[in-house]
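Heads up: the sequence shown begins at 66 in this note's numbering, then just goes up one per residue. Note that beta-carbon positions come from the ideal geometry of N, C-alpha and C, so glycine has one too.
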Amino acid sequence: MSAEPGYLSHARYGKDKIRVFRVVREGEWHHVVEYNVTALVEGDIEISYTKADNSVVVATDSIKNITYYVAKTSPYILQPERFAIHLGTHLVSKYAHLHKAFITVESLRWSRILVGDKPHTHSFTRDGDDKRIVNVEVDATAGKDKLVAKVESGLKDLLVLKTSGSGFTNFVKDEYTTLIPVDDRIFSTTIDLTYKFAPFPVPPPADKSKPEWAGLQSAGTGDVWDSEKAAEHVRKITLEVFAEDESESVQATLYKMTQKILTENKFIQSVTYALPNKHYVPVDMKYIGVDNLTPEKAEVFVPIAAPSGLISATVSRK
Ligand SMILES: O=c1[nH]c(=O)c2[nH]c(=O)[nH]c2[nH]1
């Protein structure tokens with residue numbers, strides 16, 4: 066047999082797009098989550114690729130079944146970060162030869178319907194296209210009783226627009242410049258945000274259905290990690306800074322958002338935004354003798370789908 070020219074330098078597999086809806090009934094109060102889950106694993110699985118030996122393969126169908134089992138039994142199902150840690154922990158604890166699990170949970174919005182101003186007990190509405198995203202790696206390489214969870218959370222598809230309080234001037238001017246500096250313009254973007262927590266040591270579950278990590282602590286802070294509060298908080302900060310900043314550029318507004326998040330959330334170690342600058346161009350109506358171009362007269366715009374700017378940055382705690 067001729068020597069193979071390549072070697073397996075990376076291998077990971079599992080199930081993608083596992084759709085989970087879960088209701089938690091607390092008397093008449095029902096709570097719901099809807100998740101799209103990706104559950105992938107790494108470990109001693111090389112021979113399934115190199116020798117066509119499936120004896121090391123936990124079928125992706127079984128990984129899907131485990132996901133539904135943990136969705137049914139986890140006390141943390143309503144918190145995507147802890148659910149992801151639970152699922153990843155289950156996978157690497159159950160199978161000796163699997164050393165890492167990578168769980169992504171995309172959480173869709175279901176908010177309680179208000180009847181008058183009273184929250185309804187069991188009726189919900191999709192009140193936004195934005196999704197919470199959780200990426201968890203559960204790492205068992207130091208031993209099955211020394212699991213470490215690396216958690217990155219975020220949100221995506223949060224569409225925002227402001228009609229004033231944004232300008233862009235003083236940029237490089239040369240033979241390629243056609244953009245006119247403006248001190249008032251429409252600023253619109255679809256927010257894509259990720260924020261990283263310090264790694265968590267995960268106590269191994271004594272009772273598999275009741276892991277004792279309600280009190281998971283973030284390294285160094287000594288406080289119980291509240292992933293729900295962090296998620297609400299970063300969304301609020303993002304929207305408020307966007308609305309209130311007298312923006313000199315997407316870059317400068319982005320930076321202010323990151324600093325406010327790091328100031329107000331001690332669990333968060335770094336923050337990354339990727340912000341498309343969705344351009345709105347005033348329509349030139351000179352052809353009909355109408356001024357729609359001077360900034361205070363600009364009222365009719367063409368939303369430009371493409372191209373868009375794309376401004377991104379990560380700010381890390383010192
Ligand atoms: O806020 C902005 N940042 C840029 O880098 C840029 N470039 C551009 O054409 N318009 C803008 N706006």
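Check: Hey, would you say the C-beta of L244 is under 7 Å away from at least one heavy atom of ligand 1?
Finding: For the purposes of this step, residue 244 is identified with residue 179 of the sequence shown, where counting begins at 1. Checking the Cβ of L244 against ligand 1 gives yes.
Checklist line | Cut-off 6 Å between Cβ atoms - residues of its own chain near D257, not counting five sequence neighbours on either side | finding: Indexing the sequence shown from 1 puts residue 257 at position 192. Excluding sequence positions up to five before and after D257, its CB lies within less than 6 Å of the CB of K221 and A339, all in the same chain and listed in chain order.
Next item on the list: With a threshold of 7 Å, establish whether the CB of I376 neighbours any heavy atom of ligand 1.
Entry: Translated into the one-based positions of the sequence shown, residue 376 becomes position 311. True, at least one ligand heavy atom lies under 7 Å from that Cβ.
Margin query: Using a 10 Å radius around the Cβ and a threshold of 16 neighbouring Cβ atoms, would you call Y72 buried or exposed?
Written below: On the sequence shown, position 7 is the one that residue 72 refers to. It counts as exposed.
Next item on the list: Pull up the DSSP beta-bridge partners for A371, would you.
Entry: By 1-based counting over the sequence shown, the position of residue 371 is 306. The partner list for A371 (beta bridge, DSSP) is empty, contrary to what the question assumes.
Next item on the list: Compute the Euclidean distance between the alpha carbons of P70 and S113, then round it to the nearest angstrom.
Entry: Residue 70 sits at position 5 when you count from the first residue of the sequence shown. Residue 113 sits at position 48 when you count from the first residue of the sequence shown. Those two C-alpha atoms are separated by around 18 Å.
Margin query: With distance defined between alpha-carbon atoms, name the residue in Q324, I142, V336 and S229 nearest to G219.
Written below: As a first step, residue 219 must be located in the sequence shown, where it is residue number 154. With distances taken between Cα atoms, G219 lies closest to V336.
Next item on the list: Specify, as a first and last residue, the run of the beta strand (DSSP E) that D204 falls within.
Entry: Along the sequence shown, one-based indexing puts residue 204 at 139. Per DSSP, D204 is one residue of the beta strand (DSSP E) stretching across K196 to D204.
Next item on the list: Quick one: using the 10 Å Cβ neighbour count with 16 as the cut-off for buried, is A371 buried or exposed?
Entry: For this step, residue 371 is matched to residue 306 along the sequence shown. Flag for A371 reads exposed.
Checklist line | Pick from E309, T138, I353 and V213 that is closest to P264, judged by C-alpha positions | finding: Here residue 264 is taken as the residue at index 199 of the sequence shown, counted from 1. Comparing Cα positions, the closest option is V213.
Note to self: As an exercise, report each continuous alpha helix (DSSP H) stretch of at least 4 residues that is fully enclosed by the stretch 153-198, in chain order.
What the structure shows: none
Notebook entry, point to check: From what residue to what residue does the beta strand (DSSP E) around R90 run?
Noted result: Indexing the sequence shown from 1 puts residue 90 at position 25. Element bounds for R90: Y78 to E91.
Next item on the list: Under 7 Å Cβ to Cβ from E313, same chain only, skipping five residues before and after it: list those, please.
Entry: On the sequence shown, position 248 is the one that residue 313 refers to. Taken in chain order, the residues that qualify are G232.
Check: Nearest-angstrom Cα distance between G285 and V216?
Finding: Locating residue 285 in the sequence shown gives position 220, where the first residue counts as 1. Locating residue 216 in the sequence shown gives position 151, where the first residue counts as 1. Because G285 sits at a pLDDT of 48, beneath the cut-off of 50, its placement in the model cannot be relied upon, and the following sentence gives the value as read from the coordinates. In this structure, the straight-line span from the alpha carbon of G285 to that of V216 is close to 16 Å.
Margin query: Tell me the DSSP secondary structure of S292 in three-state form.
Written below: By 1-based counting over the sequence shown, the position of residue 292 is 227. Helix.
Item checked: Nearest to S253 (by Cα), restricted to the options G193, H185, S176 and L226 -> As a first step, residue 253 is located in the sequence shown; it is residue number 188 there, counting from the start. When each option's Cα is compared against that of S253, the closest is L226.
Margin query: So, for D349: in the same chain, excluding its five sequence neighbours on each side, which residues have a beta-carbon less than 8 Å away from its beta-carbon?
Written below: Indexing the sequence shown from 1 puts residue 349 at position 284. Same-chain partners within the cutoff: N357 and L358.
Check: DSSP on T228, reduced to helix/strand/coil?
Finding: If you number the sequence shown from 1, residue 228 lands on position 163. The answer is coil: DSSP assigns T228 none of H, G, I, E or B.
Notebook entry, point to check: For K165, does the count of other Cβ atoms within 10 angstroms reach 16, so buried, or fall short, so exposed?
Noted result: What you label residue 165 is simply residue 100 of the sequence shown in a count that begins at 1. Burial of K165 is indicated by the presence of at least 16 other C-beta atoms within 10 angstroms of its C-beta.
Checklist line | Where H344 sits in the DSSP three-state scheme | finding: Here residue 344 corresponds to residue number 279 of the sequence shown, with the count starting at 1. Three-state result, H344: coil.
Next item on the list: Please report the residue range of the alpha helix (DSSP H) in which N130 lies.
Entry: In the sequence shown, the residue the question calls residue 130 occupies position 65. Segment T125 to T138, the alpha helix (DSSP H) holding N130.
Check: Rounded to a whole number of angstroms, what is the C-alpha to C-alpha distance between E361 and E240?
Finding: Within the sequence shown, residue 361 is the residue found at index 296, counting from 1. Within the sequence shown, residue 240 is the residue found at index 175, counting from 1. Approximately 28 Å between the Cα atoms of the pair.
Next item on the list: Would you mind stating whether T154 and V203 have Cβ atoms separated by less than 8 Å?
Entry: Mapped onto the sequence shown, residue 154 falls at position 89. Mapped onto the sequence shown, residue 203 falls at position 138. Cβ distance < 8 Å, so T154 and V203 count as in contact.
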